[in-house]
Structure formats: C-alpha cells, structure tokens
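In our numbering, each residue carries its 1-based index in the sequence shown increased by 94. Note that CB positions come from ideal geometry on N, CA and C, so glycine has one too. If you're wondering where the values come from, they're calculated on a predicted model, not measured in any experiment.
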Amino acid sequence: MDAGSLEREDAGSIEPPDTRGWVYVLRNPSMPHRVKIGWTTDVAQRVRELSSVTGVPEPFAVVASFETPWARRVEQEVHRRLREWRVLPRKEFFYASPDRDRVTSAEIDEYFKMVIRQAAEAVEIQMKREALERRDRETYLRHYRESVAYWWHCMRKNRPPEQYPKGLKSLPPEALGSVDRFCFEIYSGDSCAAASDRDPGRADSTG
Numbered sequence: 095m096d097a098g099s100l101e102r103e104d105a106g107s108i109e110p111p112d113t114r115g116w117v118y119v120l121r122n123p124s125m126p127h128r129v130k131i132g133w134t135t136d137v138a139q140r141v142r143e144l145s146s147v148t149g150v151p152e153p154f155a156v157v158a159s160f161e162t163p164w165a166r167r168v169e170q171e172v173h174r175r176l177r178e179w180r181v182l183p184r185k186e187f188f189y190a191s192p193d194r195d196r197v198t199s200a201e202i203d204e205y206f207k208m209v210i211r212q213a214a215e216a217v218e219i220q221m222k223r224e225a226l227e228r229r230d231r232e233t234y235l236r237h238y239r240e241s242v243a244y245w246w247h248c249m250r251k252n253r254p255p256e257q258y259p260k261g262l263k264s265l266p267p268e269a270l271g272s273v274d275r276f277c278f279e280i281y282s283g284d285s286c287a288a289a290s291d292r293d294p295g296r297a298d299s300t301g
C-alpha cells in the first residue's frame, strides 16, 4: 500500500477548509475489475465500515492513500477526471479491468495514483489563486479606505462644514465626528463594490 502526503511546504500560506483528510484507492477481491476512490479522515476506519457491510463477502484492501488539506475538493477533481471510468454516476466505483487497455492491474493502480497526485496539485493551485484574489480585493479596499480617510482628514482640517462636497452635509453629526465611522458607513456593505471600482488615486476629486 502506498501512503503519503500531498501537502507542499508552502501550502501553509493558504488557509485550508475543514476537509483535511485522505484520498484513497481501495480494491476488493470480490470485485476484481473495480476500484473505489473516495476521501475520509480515517482510512482504517473507513475500510472497516465498508468491509462490515453484509453484502460484501470479502474485506477491502487499501491500494493507496494520500493525505491532503483539501481532501473533499481533491476527491471531486479526481472523480471529474475519471468520469469516463465511473461505473455509476452516484457511486465511487471505477472500472479497473486489465483487459480494458491491455495493461496489468498494477499499472492501472499506478495510473489512479498519478491522477490523484495531479488532482491534488491542480486543487492546490486553485486554492492559491483564490487566496490571492481575496487578498487582492481586501488590499484594494484597504488602500481605498486609507485614501478616503486621508482626504477626509485634510478636508475637515482646512474647510468649514458649509464647504463640504454635496452629499456630505446630510450625514449625521456622529458620522462627521469620526473618520473611522465615516469610512465604515460610506465604504462598507453594499457600497464596497461600488467603491472598489473607483480609482483611489482620484479620491481628492470629491474635495
């Protein structure tokens, strides 16, 4: 049985979801032309559960198992890549007949292992991309708020309220009394999307 970790050294920079576990490949002597590919948090326990079913005459054996921070997503990607090998759409069994492509069972097992490693790598890249996109949005909004706060501070210091740009005079006094509250009230919630489309470098156009 092959067991290993698919987590890379730099994967800690991504906040993984709560699906850390193992993606496994199982065989059963009673089903020599099928393999089961799924994910679990405990491979040994999962094998016991599957083997204890009364309709299964022989116990399952672990062909390979790989630990990953995103086991559910890796499993989904593996199933997507092996969709043409799948026995039934809602079942986790896949064809593994040596006669299928005139290869040995061991070679088919090695192919499944390769697909799992490839799927894990693809998921990791996607997770990194999503993390970078979130960071980019958060950074852009933070920079925008910093720009707004700066120009708001300058305006309050140099102008009397009657010279504030149109629309700011209608704000309640408590909002005008706090830069933080002003930025939160104006540039949060539904207004964030609109604010993020504007150029922070042109924030002074309101003053």
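Query: Buried or exposed, going by whether 16 or more other CB atoms sit within 10 Å of the CB of V129?; Result: buried
Query: Quick one: what's F187 bridged to in DSSP?; Result: K130
Query: Taking only the alpha-carbon atoms, compute the straight-line gap between R142 and D136 and give it to the nearest angstrom.; Result: 10 Å
Query: Look up V157 in the DSSP assignment and say whether it is helix, strand or coil.; Result: strand
Query: According to DSSP, simplified to helix, strand and coil, what is L182?; Result: coil
Query: I'd like the list of long-range same chain contacts for V119, defined as Cβ closer than 6 Å, with 5 residues on each side in sequence excluded.; Result: V129, I131, V157, A158 and F206
Query: Below 8 Å, how does it come out for the stretch 211 to 220 and the stretch 160 to 168: are there three or more Cβ pairs, yes or no?; Result: yes
Query: Within 10 Å of its beta-carbon, does E201 have 16 or more other beta-carbons around it, so buried, or fewer, so exposed?; Result: exposed
Query: Residue range of the alpha helix (DSSP H) that L226 falls in?; Result: S199 to N252
Query: For R180, which residues from the same chain have a beta carbon less than 6 Å from its beta carbon, with the 5 sequence-adjacent residues on both sides left out?; Result: F188
Query: Does the beta carbon of P192 sit closer than 8 Å to a beta carbon anywhere in chain C?; Result: Protein chain content of the structure displayed is limited to a single chain, and chain C is not contained in it.
Query: Do you know offhand how far Y244's Cα is from K251's?; Result: 11 Å
Query: Count the CB pairs spanning the stretch 216 to 224 and the stretch 162 to 176 that are closer than 8 Å, and state whether there are at least three.; Result: yes
Query: For W133, which option in E186, L235 and R121 has the closest C-alpha, if you only look at C-alpha atoms?; Result: E186
Query: Which class does V117 belong to by DSSP, given the choice of helix, strand or coil?; Result: strand
Query: Given a cut-off of 8 Å on the beta-carbon distance, is the pair S124 and E169 in contact?; Result: no
Query: Can you tell me the Cα-Cα spacing of D227 and A138, whole angstroms?; Result: Sequence inspection shows Glu at residue 227; the Asp mentioned does not correspond to that position. The alpha-carbon atoms of E227 and A138 are separated by roughly 37 Å.
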